[in-house]
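Report on the structure given below.
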Amino acid sequence: MLVDVLPKWERMVYWIVGVIPIFGSLYCLYLEGQSNKRWLHPSDFQKNWRWLGHDQDQSDNEWSMWKSSLPWLILSNICHLSLSQACFFFSAKKKVRVFILSVFDVAALAMFFGVWPVLLYLSKFLLMYIISCTSCIPAVWLTAVIMTATGINSTLLEWQLRHFFLRNPDTPAHSFIVASGFFDIHLVSFAIDKIKWEQTKYTDSKSMELDPKRNQIPIYPEVSKEYLSPSQETSVTEDNRPCFMDFFFYTFYLPKFVHGPIYLFRAFYLDINAHFNAKEQTMDIRNICTNLLKILFWALLLDFLLHFFYFSSLGSHPSVVKQLSLAAVCAMGYMQGQIFMVKYFCSYGLTGQLSRFDGVTPHPNPRCISWVYSYTDMWKYFDCGLYKFIKTYIFIPFGGSQAGWFNHFRASAVAFFFIFYWHGARINLFIWAAGNFLTGVVEKIAKCLEQSTPGVRLKSKLSAAMQLRLRVIFIVPLYVISCWLIFCFFFDITTTWVIIEKMILKASWTKILIENLIFISVVHNAVYISMLRRKRRAKSQ
C-alpha cells in the first residue's frame with residue numbers, strides 16, 4: 005500500500021480538477037466537431053458503422069492503412085505461423101525452417117506490394133550486406149542515410165512511386181513508405197551487429213586459443229540485461245553464429261515488415277535461435293489469445309470513437325481550429341495523443357503477439373500518455389523498439405550518459421537528429437525533435453541541481469508533501485512545452501501555432517490561471533500514478 009504524502013482532501017481535489025475538465029472538453033469537441041463538419045473535406049469522412057448515424061473520420065492515414073491491410077496481414081501471418089508450426093512438427097532443422105519461412109515471407113510481400121517493390125527491397129538488402137562485409141560502421145550509416153533520403157525526399161520518392169507502382173496500381177503506396185522506414189532501420193541493425201560480431205571474433209580469437217574454455221563471445225556488454233528476455237541472456241558461440249539466411253530472415257520477417265515494431269537483430273536472432281532449436285514449444289497460448297482480445301477491443305473502441313470525435317480532420321484545417329473554443333482545442337490535442345497511443349498498441353501489439361508463436365519476445369505496451377509527466381520517460385516507454393535502437397547504435401557509441409555532460413548532450417543531439425531525419429525531415433519535425441532535446445537537457449540539469457549540495461540541503465528543510473508540490477510546480481512548464489512540441493508532430497506548424505495562441509497568447513488571465521490549475525492537477529495525478537507503478541514494480545521484484 006502506497007502511503008500518500010499529501011492530505012486526502014488535497015489528493016481528491018487534484019483528481020477532480022484534473023479529470024472532470026477532460027470529459028467536459030471532450031463534450032465540447034464532439035459538439036463543435038459536428039457543427040463545423042461542413043467546413044472539412046468531404047473525402048475525410050465515410051459511412052462505416054451506419055447504425056450509429058454518424059460519419060467516420062477517415063483522415064488518419066496510419067489507422068486507415070492498418071485497417072485496410074488487416075485482412076492480408078492476418079491471413080498471411082496465419083499461413084506463416086502454420087508453416088512454422090509444420091516445420092516444428094516434422095522436426096525440420098533450424099536452417100531449413102528459416103529458409104522455408106524466408107521464401108514464403110518474400111512471396112507474401114510480393115503479393116501485397118508487387119514484384120518490383122520487393123525487388124527494390126532485395127537490392128537494398130544485398131547492398132547493405134555487402135557494405136557490412138567491409139566491417140566499416142560509418143559506411144553502413146552513410147548507406148542508410150542515403151536509403152532513407154529516397155523515402156523522405158519528395159523528388160526521389162515520386163520517382164520510386166512512378167517507376168515501381170505504376171506496374172501495380174493496386175499497391176498501397178503509403179504502406180510502402182512506412183515499411184521502407186522500418187526496413188532501413190532493420191538493415192542498420194543487422195549490418196552493425198554483423199560487424200560487431202566479426203570484430204569480437206577476431207579480437208578474441210587469440211585469447212580463445214590460450215583458453216579453450218572461453219568459447220563464448222559476449223554481445224554488447226554495455227547494453228543492460230533489462231532489455232533482454234531470458235532466452236537472450238546468453239552469448240553467441242562459434243557454433244551458432246548467424247549466417248546470411250539469418251540476416252535475410254530477420255530483415256524480411258513478415259509479421260514486423262509492414263507495420264513494425266523495431267526489433268534489434270541481436271535480440272531477434274537469439275530468440276529465434278533458441279525457439280527453433282528447442283525440442284518442445286513453450287508458448288502461453290492462453291495469454292496470447294487474451295492479449296489479442298484486448299487488441300481487438302481497443303481497435304473497435306478507436307473505430308467507434310472516430311464516428312464522434314473529428315480531431316484528425318479538424319487538425320488539418322487551421323482556419324477551422326481558429327473557430328473552436330479553448331476547451332475543444334485542448335480536447336483535440338488530448339484525443340490525438342490518446343489515439344496515437346492506441347494505434348501503436350494495436351499495430352505493434354498484434355505483431356508482437358503473432359511473433360510470440362516464433363519465440364520472439366514482444367516489446368512492452370506503450371505507456372498511457374495521460375500519466376507520463378516526463379517526456380524523457382516518454383521516449384523510454386512509448387516506442388521501446390525505437391528507444392533500444394537509438395540507445396544501442398547511436399547514444400552509447402557517441403558517449404552515452406556515463407562519459408560526462410558534453411558527450412551525453414552530444415549523443416542526445418545526434419539521437420534526436422536521427423529521429424527528425426528518419427520521421428521525414430520536415431520543419432515541424434525539426435521543431436519537435438529539437439524541442440525534445442532541449443527539454444531533455446533542462447531535465448538533466450534540474451536533476452543535477454536537485455542532487456547537488458544546495459539542493460539536498462533545501463530538501464532536508466522541506467516536508468515530503470512540500471517537496472512534491474514544488475516538484476510539480478517546476479515540472480508543469482516543461483510539461484506544457486512538451487505538449488506543444490508533440491502538437492508539432494501530430495499537426496503542422498500553423499495548427500500548432502493556433503493552439504498556442506488560444507492557450508497563452510490570446511487567452512485571458514482567468515483562462516491561463518484555470519489552465520495552470522488543471523495542468524498542476526494533471527501532473528500531480530501523473531506523479532502519483534508513477535509512484536504506484538514503482539511501488540508495484542518493486543513489490544513484484
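Going by our numbering, the sequence shown runs without a break in its numbering and finishes at 545. Every residue, glycine too, gets a C-beta built ideally from N, C-alpha and C.
What residues in its chain sit with their C-beta under 7 Å from that of Gln-62, if we drop five residues either side in the sequence? Locating residue 62 in the sequence shown gives position 58, where the first residue counts as 1. Answer for Gln-62: Asp-48, Phe-49, Gln-50, Ser-68, listed in chain order.
Taking Cβ to Cβ, would you say Val-476 is nearer than 7 Å to Val-526? Within the sequence shown, the letter at position 472 stands for residue 476. Within the sequence shown, the letter at position 522 stands for residue 526. No, the Cβ-Cβ distance between Val-476 and Val-526 is not below 7 Å.
Chain-order list of residues whose beta-carbon lies under 8 Å from that of Phe-523 (same chain, five-residue window excluded): Taking the sequence shown and counting its residues from 1, one reaches residue 523 at position 519. Val-480, Tyr-483, Val-484, listed in sequence order.
Residues in the same chain with beta-carbon distance under 7 Å from Val-21, minus the five sequence neighbours each way, listed in chain order, please. Residue mapping note: residue 21 aligns to position 17 of the sequence shown, counting from 1. Closer than 7 Å at the Cβ level, and outside the excluded window around Val-21, lie Leu-521, Ile-522, Ser-525.
Within 10 angstroms of the Cβ of Trp-13, are there 16 or more other Cβ atoms? Answer buried if so, exposed if not. Position 9 of the sequence shown, counted from the start, is the residue given in the question as residue 13. So Trp-13 counts as exposed.
Is the beta carbon of Ile-398 closer than 7 Å to that of Ala-429? Position 425 of the sequence shown holds residue 429. Position 394 of the sequence shown holds residue 398. It is not a contact, given that the beta carbons lie outside the stated cut-off.
Would you kindly check if the distance between the Cβ of Val-346 and the Cβ of Leu-2 is under 7 Å? Limits of the chain in this structure are 5 at one end and 545 at the other, which puts residue 2 out of reach.
Thinking C-alpha only, which one of Thr-443, Ala-183, Glu-202 is nearest Glu-66? As a first step, residue 66 must be located in the sequence shown, where it is residue number 62. The shortest C-alpha separation from Glu-66 is found at Ala-183.
Quick check: the Cα distance between Cys-32 and Ile-24, rounded to an integer number of angstroms? The sequence position of residue 32 within the sequence shown is 28, counting from 1. The sequence position of residue 24 within the sequence shown is 20, counting from 1. Their backbone Cα atoms lie some 13 Å apart in a straight line.
Taking the alpha-carbon positions, what's the Ile-223 to Met-535 distance? Residue numbering aside, residue 223 sits at position 219 when the sequence shown is read from its first letter. Residue numbering aside, residue 535 sits at position 531 when the sequence shown is read from its first letter. A caution first: Ile-223 carries a pLDDT of 42, below 50, which makes its placement in the model unreliable, though a value can still be read off. Roughly 34 Å separates the two Cα atoms.
Status (buried if at least 16 other CB within 10 Å, exposed otherwise) for Lys-465: Residue 465 sits at position 461 when you count from the first residue of the sequence shown. Classification of Lys-465: exposed, given that the 10 Å Cβ count is below 16.
Quick check: Ser-179 and Ser-73, are their CB atoms within less than 7 Å of each other? The residue labelled residue 179 in the question sits at position 175 within the sequence shown. The residue labelled residue 73 in the question sits at position 69 within the sequence shown. Yes, these two residues count as a Cβ contact at 7 Å.
What does DSSP give as the partner residue(s) for Gln-50 in the beta ladder? Indexing the sequence shown from 1 puts residue 50 at position 46. Per DSSP, Gln-60.
Taking the alpha helix (DSSP H) that Lys-395 falls in, what are its first and last residues? For this step, residue 395 is matched to residue 391 along the sequence shown. Where Lys-395 is concerned, there is no enclosing alpha helix (DSSP H), given that its DSSP letter is neither H nor E.
Pairs of beta-carbons, one from the segment 100 to 117 and one from the segment 282 to 293, closer than 8 Å: are there three or more? no
By the DSSP assignment, the alpha helix (DSSP H) with Gln-406 in it spans what residues? As a first step, residue 406 must be located in the sequence shown, where it is residue number 402. That residue, Gln-406, is in no alpha helix (DSSP H); it is neither H nor E in DSSP.
Evaluate contact between the segment 338 to 345 and the segment 365 to 381, counting only Cβ atoms and requiring at least three cross-stretch pairs below 8 Å. yes
Look at the Cβ atom of Ala-112, then the Cβ atom of Ser-80, and state whether they are nearer than 7 Å. On the sequence shown, residue 112 is found 108 positions in, with the first residue counted as 1. On the sequence shown, residue 80 is found 76 positions in, with the first residue counted as 1. A contact, by the Cβ cut-off of 7 Å.
Are three or more beta carbon pairs between the segment 348 to 363 and the segment 328 to 335 nearer than 8 Å? no
In three-state DSSP terms, what is Met-212? Counting from 1 along the sequence shown, the entry for residue 212 is found at position 208. A caution first: Met-212 carries a pLDDT of 39, below 50, which makes its placement in the model unreliable, though a value can still be read off. Here Met-212 sits in helix by DSSP.
Could you give the residue range of the alpha helix (DSSP H) that holds Thr-154? As a first step, residue 154 must be located in the sequence shown, where it is residue number 150. Taken as a continuous stretch (DSSP letters only), the alpha helix (DSSP H) holding Thr-154 covers 141 to 156.
In chain order, which continuous runs of the alpha helix (DSSP H) of length 4 or greater are located wholly inside the segment 301 to 343? 315 to 319, 322 to 325
Can you tell me which of the three DSSP states Gln-285 falls into? Numbered from 1 along the sequence shown, position 281 holds the residue referred to as residue 285. DSSP places Gln-285 in coil when its eight states are reduced to three.
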